[in-house]
Amino acid sequence: MPVALFLLVAAVTTLSVFAIERVERQNKDAVLRDKARTIGSAIERRANAASAYLRAGAALFSTQETIPQRQFREFVQELRLDSDYRGAEGIGWARAVDPRRVAAFELSMASQTPGQFRVSPMPGPTTRLVVPVTYLHPDTQRNRRALGYDMYSEPHRRAAMDAAVMNERPTASGKVVLAQEEADSHAPGFVIYMPVFDRFGPGRQLRGFIYSPFNAGDFVAAALRMDDRKVHGIRLYDGEPDPDHILAEIRPETDDRGLTVTQELLIANRSMTLEVEASRPNSLSNLSMATLLFGLLVASLLMVVVRLLTQQVKEDQASLEWLEEQNSIRASLTRELNHRVKNSLANVLSIISLTRRRSDNVDDFANGLEGRVRALSATHDLLTNSQWGMTALRDIVEIELRPYLGGDEHAVEMTGPPAELAPNDALSLGLALHELATNASKFGALSQPGGSVSVVWEMIGNDTARITWQETGGPAVPADRKRGFGTDLLEKVVAHEFSRPVEIEFAPDGVRCVLTVPIRRQSDFAIRARYRNPE
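Each residue of the sequence shown is one higher than the one before, counting from 0 in numbering that gives the first Met the number 0.
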């Protein structure tokens, strides 16, 4: 029960932690989506600001017959680009040139730009339009590397410029590497183009493009706060999320990837995807940890309390069983004691009756009765020491022959295997041996020096012992002797108690008596055995 209760509370705690973590994940998902919208709005705001500047420049330059470098530089300076324009490489002008007039265009640009101005790559025979980078401000060494680059020769830029001409609004290119990057650089970027048309000529003749190049990594980083870079992973894709289309990636300070959300963006009329990823926490939330610890504490306390209560119930139950067992034992012992007392009194009455019939005077009666009662008392002492359980046969023989042991005048021999007798059988055997020993001390082998008595017992089967009393070296036994008390006791009382006949022979060389005694099993006296061998 304690273990089952502990497991139940632990299961409830686990479910609670699971529910809390699920809610925490939902909250984090909502927060992350809000964060993705915020970052996406910041990116779109910067793209819209760049588009607005390009629209303003296109509107201005469409009214000018020529666009000299000085005037373009003044225009860019007057814009006073603020922080919303961070991430851009600047603002540039790319004139639309007929491929046949490339040489004349290079010659005209040589007087406006320091160094040698060359269009690259040179147009081929099938080229229909050349759009080289004409001006790019701010005028830095990095931006000068882009001057003369024919942007129309590159497919992604060409597609964006064609779309811008068709829609007449700012249009972003796909993933490109900016011309001002180092030769071995693979940093991705994109370009926003706004077409400029000639309003003075017939029709809508394209004069060129005002544009802004963007390093994608710098562009995205400019839209983020410092804390976003620490805990969020940011990836900007050109179109659908794909490793080949990634424009910019900013990794968080930790590499553990957790929940990811996506946000669709429209950057200058081009679809892009923003992916924001939150770092995965290394542990449970504080509420989950508190719930888990509290649940385990409650489960442990309940287990201990139930364990103590269960142990107390077991101890109380054991005490009740012990009391019931003691009452049962007490009742059994009382019944057995009553039975033993009745048997003992019956034996005493039989002894008194037989002694009285064989006694000529009061003294003989008293002496004979005293000896026999002492024999019963000695056997009772043995039974008391064994708590009225099984009594060793050797102990009974020794206690009855003890007065005749250790002397030089007589020899007493006792041999046989270990055997134990029931209480009634022990009393009867003790009384029989007392009579045989008393008779031997008065008339037999123990009445004169040189006599010997042999008591030998052996097992007959598993439940019977045969005891042989043999006297030698004593006076000759008369053939016409009178029948005495001992003979009546052995043949009537003892034989009746053993439920087996007693063989007694008065041979001239000594008395011989054979007793057949039953051997009880230990289980017949299990109650007393538990006292002797407590568990």
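Where is the CB? At the ideal position from N, CA and C, for every residue including glycine.
Query	Result
For Arg234, the first and last residue of its enclosing beta strand (DSSP E)	His231 to Asp237
Coil, strand or helix - Val8 by DSSP	helix
Neighbour-count burial assignment, Leu265, 16 or more Cβ in a 10 Å radius	exposed
Counted within 10 angstroms of its Cβ, other Cβ atoms place Leu432 as buried (16 or more) or exposed	buried
Proximity to Tyr148 [Cα-Cα], best of Glu470, Pro477, Ala391 and Val176	Val176
Cβ-Cβ distance between Glu167 and His231 below 8 Å	no
Sequence-distant residues of the same chain with beta carbon closer than 6 Å to Gly114, five excluded per side	none
Cβ-based neighbour list, Arg269, same chain, cut-off 7 Å, excluding 5 preceding and 5 following	Thr170 and Ala171
Identity of the residue in Gln63, Val372, Phe189 and Leu420 nearest Tyr89 by Cα	Sequence check: residue 89 is Gly here, not Tyr. Gly89 has its Cα closest to that of Phe189, out of Gln63, Val372, Phe189 and Leu420.
The alpha helix (DSSP H) enclosing Gln469, as first and last residue numbers	No alpha helix (DSSP H) holds Gln469; the beta strand (DSSP E) holding it covers Thr463 to Thr471.
Beta carbon of Tyr210 nearer than 8 Å to that of Ala93	yes
Nonlocal neighbours in the same chain, by C-beta distance under 8 Å from Thr290, ignoring five residues either side	Thr12, Ser15, Val16 and Ile19
Among Thr390, Ile459 and Pro124, nearest to Pro98 - alpha-carbon criterion	Pro124
Identified DSSP bridge partners for Gly89	Gly89 pairs with nothing; no bridge assigned.
Of the listed residues Val2, Leu428 and Leu308, nearest to Val513 (C-alpha basis)	Leu428
Under 8 Å between C-beta atoms of Ser453 and Ser446	no
Any beta strand (DSSP E) of 3 or more consecutive residues that is wholly inside the region 87-156	90-94 and 132-136
Within 8 Å, strictly: CB atoms of Phe208 and Met193	yes
Paired residues, beta bridge with Ser40 - DSSP	DSSP, once it has assigned bridges, lists no residue as partnering Ser40.
Ile395 classed as buried or exposed, judged by whether at least 16 other C-beta atoms fall within 10 angstroms	buried
Per DSSP, the bridge partner or partners of Ile245	Tyr236
Beta-carbon proximity of Met150 to Arg156, cut-off 8 Å	yes
Contact under 8 Å by Cβ, Leu146 with Val132	yes
Leu432 (DSSP reduced to helix, strand or coil)	helix
Within 8 Å, strictly: CB atoms of Leu435 and Thr390	no
Any 3 or more C-beta pairs closer than 8 Å across the region 403-415 and the region 451-465	yes
Supposed contact pair Leu392 and Trp456 - C-beta distance, whole angstroms, cut 8 Å	6 Å
Rounded C-alpha distance that separates Arg127 from Ser152	10 Å
Minimum C-alpha distance to Thr414 - residue among Pro402, Glu105, Glu43 and Ile466	Ile466
Between the CA atoms of Leu4 and Leu301 - distance to the nearest angstrom	7 Å
Reference Thr437; option with closest CA among Val510, Thr515, Asp183 and Asp424	Val510
Cα-Cα separation, Gln311 to Ser327	24 Å
Collapsed DSSP secondary structure at Arg527 in the structure displayed	Unreliable positioning characterises Arg527 in this predicted model, as indicated by a pLDDT of 48, which lies under 50. The coordinate reading is nonetheless provided below. Helix, per DSSP.
Cα-Cα separation between Ser572 and Trp321, rounded to whole angstroms	Outside the shown range of the chain (0 to 534) lies residue 572, about which nothing can therefore be said.
Buried or exposed by the 16-neighbour rule on C-beta atoms within 10 Å, applied to Met288	exposed
Strand pairing of Asn214, partner residues [DSSP]	Gly188
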